[in-house]
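Encoded as C-alpha cells, the structure appears first; notes follow it.
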Amino acid sequence: MRRMMVDIPIPPKWKQLWNTWDLRGFIILSLSLQTFLILVAPLRKRTKSNWIIMPLWSAYLLADWAANFAVGLISNSQGNPDESQGKKGARLAVENEDLLAFWAPFLLVHLGGPDTITAFALEDNELWLRHLLGLVFQCIAAVYVFVQSLPQNRLWIPTMLMFLTGIIKYAERTRSLYLASADRFKSSMLTKADPGPNYAKLMEEYFSKKKAKLPTRIQMVPEPDRAAKSANKAKKGNLTALEKVQYAYQFFETFKGLVVDMIFSRKERNQSRDFFLNRTANDAFKVVEIELNFIYEVLFTKLPVVFGLTGAISRFFSLATICSAIVLFLFKNKTNFTKVDIMITYGLLFGALVLDFTALFMLVFSDWTIITLQKSPDVELDKKSRKTRIISKFLKLMTEGTLWDTKDHAQSTKSESQSGKWKIKFLRRRWSKSISTYNLIYYCLHPRPSLQNFVYETLGISEFMDEIKYVKFESFTAKLKDFIFEEIKAKSELADDLETAKEISSARGDWVIRVEEGWGALLRYVIDVDYDQSLILWHIATELCYNKELKTGTKDDKNDNLRDIAKVLSDYMLYLLIMQPSMMSAVAGIGQIRFRDTCAEAERLFESGKGGEVKVEQHQTQTPTDTKFDRDQINACMKILEVTTEVRPVTVKGDRSKSLLFDSCILAKELMEIEAKDPDKNNKWLIISKVWVELLCYGASHSRANTQAAQVSKGGELITIVWLLMAHFGLGDQFQIDEGQARAKLIVGK
C-alpha cells in the first residue's frame, strides 16, 4: 500500500520567530541557569527539601546542555550564512557576525560553571576527563566562530579577552573535578616514600664487627614524639568561634583520607581522641559540622582551586578582562546592531561581572578566608591586635549577621530579628539539622491504592512518591545531641587500645545490654540476629512501647525525653534501612525483604476483625501532634500487643516468611516486664535509647565512606556526623598503623 505522507506547513511567522529567537533564547536561558546555580547551589548542604534539590539538579543538567546547544547554533549560523534563508541568510536570528563571535566566549564561561557547584553527585568527579575533552572541543568551536568573523570583526579585542576568561573558567572546573576524583584525592594524601633505615648497610657493618670478634649488638633508640607531646596538651574548656574553625580545618587536613578509606596512625588517633574527650557536645558537633563543610567544598565546589595565590590571580584577571570588555563595548559604534542584541550583550557582560563579584563575595565570607587570616589554633592571639579584631568582627558578621554589639542594637532590630530569624539560621547553618523519619506502622496503616501504586512503579517514581508521603522530618534537638555525644564519649574513654576500640565499634546493642544490669535476657535480640533484622525488631518494639504509654497517658519528664530520643532514632534508622539502602548496603542484608514481609503480616492483622476503637485515656496530655493518625497508630499497636505470643513465631510459621512482627511484639513485652519487676532500677527507655545509639554507631562505622561523603551535598545526615565523630574519638577500624618511634643504632663494646 502506498504510504501517505502528510505535510503540515509551518506558518512563515512562526519560522521567522524561531529563527530570530532560538539563539537569543538559549543564551538568555544559559545566563539564567548560571545565576540560579550560583545562588541556590549553596543551599543543598543546608536542606533535604526535594523542592530545592530537584530544581537544582535540573538546572545543573540543563546548564551544560543549553550552553553547548547555543555554541552549536552560533557555529551553524556562521558556517552556513545563506542556506535556505534567502538574502538575509541565517542572520535573521542575529544580524551581525561580530556579535555572534562575541557571544561564543560567554558560553565558554558558562560551561565553566559557577564556583558554588562543580559536581552534583560524587560520581560526577570521576568524569573529569570528559570535561577536559569538552574544554578542548568547545575551545575549537569558539575559535572557529571567531575566525569566521575575521577580518571585519570590530569586536575582536573584547572577544579575545572573554575567550581567555572562558578558558580559565572551564579549566578551573575541570581541575576541580580532577582534584576531587577518588584516585587523585587519595594520591594527594600519600606521604613521601619512606625506605626506612639502611638495612643493607647496617647489616654489613654488623657482620664486619662480628667477624672481627668485637662485642656488637643492635639497639633501638627512641625518637622524640612531637605529635604525642602536642596531643597531651589538648585545649581545655569551651572553644571560641575562631578556634572551632581552626580545629575543624586541622582535623580536616588530618582525616580527609577517611573519604577514600585511608587508615591512620596511633599518634593521629591519640591526638584527636584527647581533643574531643575535653569537649562539650555543642563544641564537638560544631567542629565536626565545620569539618564536613570543608569536605563538601573540596568535593563539590571550586574553592580548592580558586583559593590561594593562583586562584587570586585568576579571579583578578577574570574581573579585569570582563571590565575591559564592558568598557570597549560601551564605547564601540553600535549603529548596525539591533537594540535587542545590544541588550543581550550588556546582559551577558554585566551578568558575568555580577556572577564574578558574587563568587568573590562568597569566597571572602567563607571558612577558608578565616584559615588564611589565622590558620593555627595553637598560636596565642593578642586580643587587642588589629588582626584579632578583624577576625573577631568577621566571625561575628558570619555567625550573627551584624557587626554591632547585640545589647545596644537589640531594641532597634527586635522586630526585624523576629521576622528574619529563621532566614538567618537557615543561611548560616552547616547542614539541614533535621532527621528524616520513617515509621513501619504508619506505612502499613496508609497504603497507596493499587492503581496508584501501579502507575508510580511504571513511571519509576515510586520511591520518590514514598518519600513525599511517608518520610517526616524531626528537628535535631540539643537533648538528642547531648545524649549521643555522651554515649560515644563514654565508650571512647574505655577504648584506650585499638582492640577495645574495635570491639566497641562492632557492638550492635550487646555492649549496652551487658553493661546495664538486669537486661541480659535481651541479648538474643542483638547477638543471634542480623543487623537489619535487629533494626526492624527494635523499631517495632520501640513503637509498641511508645504507643502503649501514649494510651495510658504515662507522664515523666525524664522518661519523656528518653522516650522521644528512642522514638526519633528508631524511625531514623528505619528510614536509612528502607529509603537510603545505598548508605546501609554494607550492613543491610535482606532488610528490604524482611520489611515487606513484616508489612504484609501487619496489614493482614489490621484488616482482620476490626473491632471498636481504642479510646485515648482522658488524662493523657494532648499535644498538637495528637491527630487521628496518632490514634490510629495507638489502636494498631494495641491490636498487635493483644495477640498471644507464648509460642515463638518461627515454630508456628517456619522460616519461609521473614516477617518480624510478632518477634518484635515478644521483645516489647519483655521490655515492659523487666521494667515492671523493678521500676526504680530498670528503665526501659534508657536501655532502648542506648541500644539505638549503639545501632546507629555500628551502622556509621560499618558503612562505606564514599556514601557518607556523598551525603554532605544532600543536606547532611546524622549518621555522617556520627561516622566522623566516632573516628575522632578513636572508635573504628581506621587506626591500624603503628609508626616506628625508634631508630636502630649499632653498639660496639659492652
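Residue numbering for the sequence shown follows this note's numbering, starting at 61 and increasing by one per position. Think of the CB as a built atom: it goes at the ideal place given N, C-alpha and C, for glycine as much as any other residue. Everything numeric in this text was worked out from a predicted model, so none of it was measured.
Gln306, DSSP secondary structure in three states = Numbered from its first residue, the sequence shown carries residue 306 at position 246. If DSSP states are grouped into helix, strand and coil, Gln306 belongs with the helices.
Who are the Cβ neighbours of Lys541 in its own chain at under 8 Å, not counting the five residues just before and after it?
-> Here the question's residue 541 lines up with position 481 in the sequence shown. Answer for Lys541: Ala341, Asn342, Phe345, listed in chain order.
Are three or more beta carbon pairs between the stretch 241-256 and the stretch 777-794 nearer than 8 Å?
-> These segments do not touch.
Grab me the residues of Cys697's own chain with a C-beta within less than 7 Å of its C-beta, minus the 5 sequence neighbours each way, in chain order.
-> On the sequence shown, residue 697 is found 637 positions in, with the first residue counted as 1. Same-chain partners within the cutoff: Ile501, Glu603, Leu604, Asn607, Lys608.
If Phe324 and Gln768 are in contact, beta carbons under 8 Å, what's the gap, nearest whole angstrom?
-> Your numbering for residue 324 matches position 264 in the sequence shown. Your numbering for residue 768 matches position 708 in the sequence shown. In fact, because the Cβ distance is near 16 Å, the residues do not count as touching under 8 Å.
Sort out for me which residues DSSP pairs Glu559 with in a bridge.
-> Counted from its first residue, the sequence shown places residue 559 at position 499. BP columns for Glu559 are empty, so no partner.
Does the Cβ of Ile807 have 16 or more other Cβ atoms within 10 Å, making it buried, or fewer, making it exposed?
-> If you number the sequence shown from 1, residue 807 lands on position 747. Counting Cβ neighbours within 10 Å, Ile807 comes out exposed, since fewer than 16 surround it.
For the stretch 500-564, list the alpha helix (DSSP H) runs that are entirely contained and at least 4 residues long, ordered along the chain.
-> Taken in chain order, the complete alpha helix (DSSP H) segments of 4 or more residues contained in the stretch 500-564 are 500-505, 510-519, 522-530, 538-554.
Ala662: which of Gln310, Ala385, Ser719, Glu534 sits nearest, CA to CA?
-> Numbered from its first residue, the sequence shown carries residue 662 at position 602. Comparing Cα-Cα distances from Ala662 to each of Gln310, Ala385, Ser719, Glu534, the minimum goes to Ser719.
Beta strand (DSSP E) segment containing Ser496, residue limits | In the sequence shown, residue 496 corresponds to position 436, counting from 1. It spans 494-497 - the beta strand (DSSP E) in which Ser496 sits, taken as one unbroken run.
Please confirm whether Val628 and Glu534 have their CB atoms less than 7 Å apart.
-> To locate residue 628, count along the sequence shown from 1; it is residue 568. To locate residue 534, count along the sequence shown from 1; it is residue 474. It is a contact, given that the beta carbons lie within the stated cut-off.
What is the residue span of the alpha helix (DSSP H) that Gly411 lies within?
-> Here residue 411 refers to the residue found at position 351 when the sequence shown is read from its first residue. For Gly411, the uninterrupted alpha helix (DSSP H) run begins and ends at 399-424, by DSSP.
What residue from Arg664, Phe129, Ser92, Pro437 has the CA that sits closest to Leu116's CA?
-> On the sequence shown, position 56 is the one that residue 116 refers to. Considering only alpha carbons, the answer is Ser92.
Run through DSSP, which three-state label would Phe389 get?
-> Residue mapping note: residue 389 aligns to position 329 of the sequence shown, counting from 1. Correct three-state label for Phe389: helix.
Thinking C-alpha only, which one of Pro174, Pro71, Lys539, Phe666 is nearest Asn619?
-> Locating residue 619 in the sequence shown gives position 559, counting from the first residue. That would be Lys539, whose Cα lies nearest to the Cα of Asn619.
Relative to the alpha-carbon of Val703, which residue among Ile638, Lys269, Phe666 has its alpha-carbon at the smallest distance?
-> As a working mapping, residue 703 is identified with position 643 in the sequence shown. When each option's Cα is compared against that of Val703, the closest is Phe666.
So the alpha helix (DSSP H) Asp723 belongs to, where does it begin and stop?
-> Translated into positions along the sequence shown, residue 723 becomes position 663. Counted as a single uninterrupted DSSP element, the alpha helix (DSSP H) harbouring Asp723 occupies residues 721-737.
From the DSSP output, which residues share a beta bridge with Phe354?
-> In the sequence shown, the residue the question calls residue 354 occupies position 294. Beta bridge pairing from DSSP links Phe354 with no other residue.
Determine contact between the stretch 155-165 and the stretch 213-223, defined as no fewer than three beta-carbon pairs at a distance below 8 Å.
-> The answer is yes - the stretch 213-223 touches the stretch 155-165, with three or more Cβ pairs under 8 Å.
Can you tell me the Cβ-Cβ gap for Ala601 and Leu731, rounded? I've got them flagged as a contact below 8 Å.
-> Numbered from 1 along the sequence shown, position 541 holds the residue referred to as residue 601. Numbered from 1 along the sequence shown, position 671 holds the residue referred to as residue 731. Sure, about 6 Å apart at Cβ, within 8 Å.
Might you give, ordered along the chain, the residues of its own chain that have their beta carbon closer than 8 Å to the beta carbon of Trp172, omitting 5 neighbours on each side?
-> Taking the first residue of the sequence shown as position 1, residue 172 is located at position 112. The residue you asked about is not Trp; residue 172 is Gly in the sequence shown. Contacts found: Gly226, Ile228, Lys229, Tyr230, Ala231, Glu232, Arg233.
Ile382 and Ala412 closer than 7 Å at C-beta | Taking the first residue of the sequence shown as 1, we reach residue 382 at position 322. Taking the first residue of the sequence shown as 1, we reach residue 412 at position 352. Taking the C-beta atoms as reference points, Ala412 is found nearer than 7 Å to Ile382.
Neighbourhood of Leu224 by C-beta, 7 Å cutoff - its chain only, sequence neighbours within 5 removed | Within the sequence shown, residue 224 is the residue found at index 164, counting from 1. Here Leu224 has Thr381 as same chain residues with Cβ atoms under 7 Å from its own Cβ, once five neighbours each way along the sequence are excluded.
Leu133 beta carbon less than 7 Å from that of Leu83 | The residue given as residue 83 occupies position 23 in the sequence shown. The residue given as residue 133 occupies position 73 in the sequence shown. Cβ atoms of Leu83 and Leu133: closer than 7 Å.
If Leu415 and Thr219 are in contact, beta carbons under 8 Å, what's the gap, nearest whole angstrom?
-> For the purposes of this step, residue 415 is taken as residue 355 along the sequence shown, with counting starting at 1. For the purposes of this step, residue 219 is taken as residue 159 along the sequence shown, with counting starting at 1. Leu415 to Thr219, Cβ: 19 Å. No contact.
Residue nearest to Val424 in terms of C-alpha spacing, selected from Ile402, Val366, Ile638 = If you number the sequence shown from 1, residue 424 lands on position 364. Nearest in C-alpha terms to Val424, of all of Ile402, Val366, Ile638, is Val366.
According to the Cβ coordinates, are Ile747 and Glu577 closer than 7 Å?
-> Within the sequence shown, numbered from 1, the residue matching residue 747 stands at position 687. Within the sequence shown, numbered from 1, the residue matching residue 577 stands at position 517. No. Outside cutoff.
What is the rounded straight-line gap between the Cα of Ile88 and the Cα of Tyr120?
-> Here residue 88 is taken as the residue at index 28 of the sequence shown, counted from 1. Here residue 120 is taken as the residue at index 60 of the sequence shown, counted from 1. Going by the C-alpha atoms only, they are around 16 Å apart.
Short Cβ contact (7 Å threshold) for Arg490 with Glu357 = Residue mapping note: residue 490 aligns to position 430 of the sequence shown, counting from 1. Residue mapping note: residue 357 aligns to position 297 of the sequence shown, counting from 1. Result no, Cβ atoms of Arg490 and Glu357 do not sit closer than 7 Å.
Evaluate Ile694 with the Cβ neighbour count: other Cβ atoms within 10 Å of its Cβ, from every protein chain shown; 16 or more gives buried, anything less gives exposed.
-> In the sequence shown, counting from the first residue as 1, residue 694 sits at position 634. Ile694 is classed as buried because its beta carbon has at least 16 other beta carbons within 10 Å across all chains shown.
In three-state terms, what does DSSP make of Ile596?
-> On the sequence shown, position 536 is the one that residue 596 refers to. Ile596 falls in the helix class under three-state DSSP.
In terms of residues, what are the limits of the alpha helix (DSSP H) holding Ser236?
-> Here the question's residue 236 lines up with position 176 in the sequence shown. According to the DSSP assignment, Ser236 belongs to the alpha helix (DSSP H) that extends over 216-240.
Under 7 Å between C-beta atoms of Phe813 and Glu351 = Given that the chain is displayed from residue 61 to residue 810, the structure contains no residue 813 and the question cannot be resolved.
For Ser749, which three-state DSSP category applies?
-> Looking up residue 749 in the sequence shown gives position 689. Residue state, collapsed to three classes: helix.
When DSSP labels each residue in this structure, what does Phe345 get in the three-state scheme?
-> The residue given as residue 345 occupies position 285 in the sequence shown. In the three-state reduction of the DSSP assignment, Phe345 falls in the helix class, which pools H, G and I.
Taking 7 Å as the cut-off, decide whether the C-beta atoms of Ser90 and His170 are in contact.
-> Position 30 of the sequence shown, counted from the first residue, corresponds to residue 90. Position 110 of the sequence shown, counted from the first residue, corresponds to residue 170. Cβ distance < 7 Å, so Ser90 and His170 count as in contact.
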